[in-house]
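Have a look at the structure below before the remarks.
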Amino acid sequence: MFSSGSSKIIGGAAGLALVLGIVGCGGTEEAPAPPPNPRHVAMFAPLPEVMESPANPITEEKVDLGRKLYYDTRLSKNQDVSCNTCHLLDNWGVDGKPTSAGHKGQLGPRNSPTVYNAAGQIAQFWDGREPDVEAQAKGPILNPVEMAMPSEEAVLRVVESIPGYVEEFAVAFPGQANPVTYDNLAKAIGAFERKLVTPSRFDAYLKGDGSALTATERRGLDKFIDVGCTTCHMGPYLGGNLYQKMGLVEPYPTEDEGRSAVTGNEAEKYFFKVPGLRNVAKTGPYLHDGSIDSLEEVVRIMGRYQLGKTIKPDEVMDIVAFLGALTGDLPMDYIKQPELPPSGPDTPAPDPS
Ligand code: HEC
Ligand code: HEC
27 MFSSGSSKII
37 GGAAGLALVL
47 GIVGCGGTEE
57 APAPPPNPRH
67 VAMFAPLPEV
77 MESPANPITE
87 EKVDLGRKLY
97 YDTRLSKNQD
107 VSCNTCHLLD
117 NWGVDGKPTS
127 AGHKGQLGPR
137 NSPTVYNAAG
147 QIAQFWDGRE
157 PDVEAQAKGP
167 ILNPVEMAMP
177 SEEAVLRVVE
187 SIPGYVEEFA
197 VAFPGQANPV
207 TYDNLAKAIG
217 AFERKLVTPS
227 RFDAYLKGDG
237 SALTATERRG
247 LDKFIDVGCT
257 TCHMGPYLGG
267 NLYQKMGLVE
277 PYPTEDEGRS
287 AVTGNEAEKY
297 FFKVPGLRNV
307 AKTGPYLHDG
317 SIDSLEEVVR
327 IMGRYQLGKT
337 IKPDEVMDIV
347 AFLGALTGDL
357 PMDYIKQPEL
367 PPSGPDTPAP
377 DPS
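The opening residue of the sequence shown carries number 27 in this note's numbering; numbering runs sequentially from there.
Encoded structure:
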């Protein structure tokens, strides 16, 4: 079942010999993989190298500062929670729990999505309530069940008490009279997040290397398109570019009203941002409430509630195999935890209350 693309490239008898692996010299060679199926390529795109934003140009200085802030627990009330507590960079940007524990171990209502490949989406959070990673970064620090800082001013007092940070803000935001601002803090973290991309074998395939996916993965990709997953999961992130109702075809049991709580529009009840599927084999448990552990189960749920289809067990396996090919390489050097600047004499003590 080769695509028209492959027959164009490997034409005639020579092509047949190639495909059958009759290539002389011992005859043990395997048939070369056919080139990527154009139908497979059309709906997706390789990941960008960086997820840029004109509003927050990425500079090395901002990124270096943002990386430190990302790992710094001193930005939390009891100085024991950082972004990395819930979005572990060496664990695909997730904590692997249904919902995450923040200040005093309190649990939030939703599953922590990954920070990898997140900045390129139309908006942030399951309900899309923040437009970009810069706006998003301001939320968790002040969220009472996450990092629980009482105010932006309190966060800035901590940053200003750490001499190394005062210097680094000045370098990262040159020419500003007062560079230590909450906006700049969010911009630095955002700039760091904009380079959290994880290219995978799927990207190599989309760029023309037919051998980058196995036959099973290609079959799974065919199924993924045939059953209609790509009506929602498409583009470079296989999602992240539209909102859809969870339970489009059959009502899905959840109390979370999703996007309608943000927009006030009843028609968007139970709508969520369609999540991207990059690294999805590594980012369970799944769905906005983290209620589903197994990827096979999510694929069946998607078939039933989003498409009104029962996906056969062997097809589920093939789709899951394809989803596994979306697992990319973690940028280990980029995410290495940096040495944090030491506290100063005025740095507040942790507040466990
Ligand atoms: C206590 C756990 C916790 C901490 C700490 C935390 N987050 Fe999150 N994060 C979450 C949860 C839960 C969500 C989803 C919430 C929602 O959608 O309503 C989320 C969502 C996000 C998203 C949106 C991703 C997407 O696909 O929509 C980004 C980006 C993010 N967090 C980055 C950060 C950064 C940066 C920090 C540190 C400043 C941080 N988080 C701190 C739990 C946490
Ligand atoms: C009508 C749009 C739509 C279609 C079609 C659709 N999905 Fe989804 N998908 C969503 C939405 C919305 C969510 C998030 C739902 C939630 O969290 O409650 C989601 C979640 C997922 C998740 C969980 C991701 C995570 O990080 O938790 C996976 C995996 C997934 N879909 C795969 C598929 C597959 C495979 C198909 C085809 C069988 C498919 N989807 C079809 C909209 C869709």
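Every residue, glycine too, gets a C-beta built ideally from N, C-alpha and C.
For the putative contact between residue i and residue j, defined by C-beta atoms under 8 Å, what is the C-beta separation to the nearest angstrom?
i	j	result
residue 281	residue 330	With 8 Å as the limit, residue 281 and residue 330 do not qualify as a contact, their Cβ atoms being about 20 Å apart.
residue 356	residue 303	About 17 Å separates the two Cβ atoms, so there is no contact after all.
residue 344	residue 242	6 Å
residue 346	residue 322	6 Å
residue 171	residue 119	About 20 Å; that fails the 8 Å criterion.
residue 232	residue 59	With a Cβ gap of about 14 Å, residue 232 and residue 59 do not count as contacting.
residue 285	residue 294	4 Å
residue 260	residue 69	5 Å
residue 147	residue 63	Not really, about 26 Å apart at Cβ, beyond 8 Å.
residue 205	residue 196	5 Å
residue 73	residue 262	5 Å
Take residue i and list the residues in its own chain whose beta-carbon comes closer than 8 Å to its own, dropping the five residues that flank it on each side.
i	result
residue 369	100, 187, 188
residue 150	144, 156, 157, 158, 159, 161, 162
residue 107	99, 128, 129, 172, 173, 174
If you follow the alpha helix (DSSP H) that residue i is in, where does it begin and where does it stop?
i	result
residue 191	189-198
residue 362	Taken as a continuous stretch (DSSP letters only), residue 362 belongs to no alpha helix (DSSP H), as it is neither H nor E.
residue 151	Counting along the chain, residue 151 falls outside any alpha helix (DSSP H), and DSSP gives it neither H nor E.
residue 66	64-68
residue 165	159-168
residue 93	86-97
residue 289	286-289
residue 82	Looking at the DSSP string, residue 82 is not in any alpha helix (DSSP H), and its letter there is neither H nor E.
residue 110	109-112
So residue i is in the beta strand (DSSP E); what residue range does that whole segment cover?
i	result
residue 270	269-271
residue 297	297-299
Is residue i near residue j, with beta carbons less than 9 Å apart?
i	j	result
residue 296	residue 312	no
residue 95	residue 218	yes
residue 82	residue 216	yes
residue 115	residue 121	no
residue 130	residue 169	no
residue 92	residue 214	yes
residue 222	residue 360	yes
residue 349	residue 66	no
residue 229	residue 334	no
residue 164	residue 208	yes
residue 173	residue 201	no
residue 274	residue 332	yes
residue 87	residue 194	yes
residue 337	residue 324	no
residue 342	residue 153	no
residue 309	residue 139	yes
residue 61	residue 234	yes
To which residues of the same chain is residue i closer than 6 Å at the C-beta, ignoring the five residues directly before and after it?
i	result
residue 252	none
residue 316	124, 125, 137
residue 258	270, 300
residue 40	With a pLDDT of only 42 at residue 40, under 50, the local geometry of the prediction cannot be trusted, and the value read off the model is given with reservation. Around residue 40: no qualifying Cβ.
residue 52	Only weak support exists for where residue 52 lies, its pLDDT of 48 falling under 50; the coordinates are left without a value.
residue 237	59
Leaving out five residues on either side along the sequence, give the residues of the same chain with a beta carbon under 7 Å from the beta carbon of residue i.
i	result
residue 141	113, 119, 219, 222
residue 184	100, 101, 373, 374
residue 363	97
Minimum length 4: unbroken alpha helix (DSSP H) runs contained in the region 187-258:
189-198, 208-219, 227-232, 241-252
Complete runs of the beta strand (DSSP E) confined to the region 294-348 [at least 3 residues]:
297-299
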